[in-house]
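Read through the structure below, which is laid out as structure tokens, and then see the notes.
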Amino acid sequence: MNAILAIARRELDSYFATPLGWVALTGFVFITGFFFTFFLFQFNQYAVSAGFDPYGGGAVDLNEVLLPMFFGNWMVVLLLMCPAISMRIFAEDIHQRSFELLLSSPVGSGAIVLGKFLGAMGFMAVTFAATLYQPAVLYWLGAPDPGVITGSYLSMLLFSACCISVGMLASAFTRSQVIAFMTTFAILLVLFLLPGLAEGASSDWMQALGEVGMGSHVEDFGKGLLHTRHVVYFVTFIGVCLFATQQRVESFRWR
């Protein structure tokens with residue numbers, strides 16, 4: 045456990061020791077802040093018009109209109125951010141020949157993979173924490189559902205964990221960070237679009253394929269709903285990717 049935490053701390057520190065980490069953090073906060081401001085003004089105009097429209101059914105609910113739209117754009121930003129921060133996890137070490145030194149230590153492959161994963165997720169947690177002023181503004185202006193806010197942040201954290209686990213696996217197969225980024229982004233884009241492509245399909249295999257995509261599993265979390273099948277999906281997805289990465293790292297020991 046000490047080895048895992050040491051690797052995680054080293055990985056987390058490395059993000060703040062390079063421009064990449066600061067660019068990713070400030071970029072995410074700025075972009076999501078822009079979307080937050082834009083959608084907040086749009087929602088305000090819509091709420092005013094709907095509230096005074098006799099045919100509009102009264103005031104609108106920000107939990108049903110604003111939050112799904114806002115956090116839906118988070119996913120798009122994370123599709124670019126997660127490959128960017130995960131592309132270096134192994135590719136940089138392999139390129140700089142420091143990976144052999146890490147493998148020669150008495151630390152197991154599983155501890156290496158888990159430590160690096162926790163370090164990357166620690167960086168994502170810090171990044172998300174920097175956006176907490178946004179729900180604070182919502183609480184100041186209105187009465188958002190705490191379950192929806194919590195579920196949305198949890199879903200984005202799980203979505204990020206899936207993306208980073210894919211990025212780690214891609215990074216373990218190349219010394220080029222560019223290739224790792226492009227490979228990760230391509231895989232995530234397919235997984236992101238699968239539910240939409242499968243929607244309305246008549247064949248059973250297309251419907252089953254749609255369940256593999258991440259979008260449909262994130263949606264319910266954003267509504268404050270916690271279903272076992274979604275938790276099982278995320279845990280299984282992340283576990284499979286980390287196990288595959290561990291096997292790849294272990295293969296370097298036998299070269």
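45 is the number of the first residue of the sequence shown in this note's numbering; add one for each residue after it. Glycine residues also receive a C-beta, built at the ideal position from the N, C-alpha and C atoms.
Between L124 and F236, the CB-CB gap reaches or exceeds 8 Å. The alpha carbon of M45 has as its nearest neighbour, out of I156, A61, M131, M119, the alpha carbon of I156. With a threshold of 16 other beta carbon atoms within 10 Å, L185 falls short and is exposed. Going by C-alpha positions, A52 is about 13 Å away from F134. DSSP, reduced to helix, strand and coil, places A128 within a helical segment of the structure shown.
Distances from the alpha-carbon of S204 to those of G166, P239, G152 put G166 closest.
Around the beta carbon of Y177, fewer than 16 other beta carbons lie within 10 angstroms, which makes this residue exposed. Contact check for S130 and S220: beta-carbon distance about 14 Å, past the 8 Å limit, so the pair fails to qualify.
Taken through DSSP and simplified to helix, strand or coil, L176 comes out as coil. Taking each of T81, F115, I138 in turn and checking the Cα distance to V293, the smallest one comes out for I138. Our two residues, V121 and E144, have alpha carbons roughly 34 Å apart in a direct line. Under the three-state reduction of DSSP, G257 is assigned to coil, being neither helix nor strand. Nearest in C-alpha terms to L49, of all of G211, F115, P112, L158, is L158.
Residue G116 holds the alpha-carbon nearest to the alpha-carbon of F79 among P150, R54, G116, L64.
When the five nearest sequence neighbours on each side are left out, the beta carbons in the same chain lying within less than 6 Å of the beta carbon of M113 are those of F83, in order along the chain. Secondary structure within the segment 112-172: not one fully enclosed beta strand (DSSP E) run of 3 or more consecutive residues is present. In this structure, the straight-line span from the alpha carbon of A174 to that of V73 is close to 7 Å. If the five residues before and after G65 are omitted, its C-beta is found closer than 8 Å to the C-beta atoms of S58, Y59, I129, F167, all from its own chain and listed in chain order. In this structure, the alpha-carbon of T218 lies about 7 Å from that of A224. The shortest C-alpha to C-alpha distance from T81 to any of A47, P127, V181 is the one to V181.
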